[in-house]
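**Student:** Numbering (our numbering), first residue to last: 1 to 123.
Glycine residues also receive a C-beta, built at the ideal position from the N, C-alpha and C atoms.
Pasting in a structure now, in structure tokens, and then I'll have a few things to ask.
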């Protein structure tokens, strides 16, 4: 088996490389055009943003702390919002998968009395 002569292909790629080099800027031009220290974000900007966020969160927390919320009031509001749907018990769609053989043993502890023991020992 002989390998094909790729001289035409090599010459074509060499011409493309030469054309790319001619249009590419020099490394010094690229380094000179990079952004200077004036264009970057300063750490003080992050500090001011953090302070503003903290003040906003404290304002929201203070507003909520001023309001009196009780568990009974909140539960009553939820029940009122749900209307008749609040009385329907919710069941998981996969609840039936938990009903495995021997499930009754997991739900409650069985009670064994002396009478049960004596009944099994009598032939």
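Following the continuous alpha helix (DSSP H) through residue 8, name the residue where it begins and the one where it ends.
**Tutor:** Start and end: 7 to 23.
**Student:** Where are the alpha helix (DSSP H) runs, 4 residues long or more, that stay fully inside the region 52 to 116, in chain order?
**Tutor:** Qualifying alpha helix (DSSP H) stretches, in chain order: 71 to 82, 103 to 107.
**Student:** By DSSP, does residue 35 sit in helix, in strand, or in coil?
**Tutor:** Coil, per DSSP.
**Student:** Could you tell me the distance, in whole angstroms, from the CA atom of residue 30 to the CA atom of residue 62?
**Tutor:** Cα to Cα, residue 30 sits roughly 52 Å from residue 62.
**Student:** In whole angstroms, what is the alpha-carbon distance linking residue 108 and residue 60?
**Tutor:** Cα-Cα distance, rounded: 47 Å.
**Student:** Straight-line CA distance for residue 79 to residue 91?
**Tutor:** C-alpha separation (whole angstroms): 18 Å.
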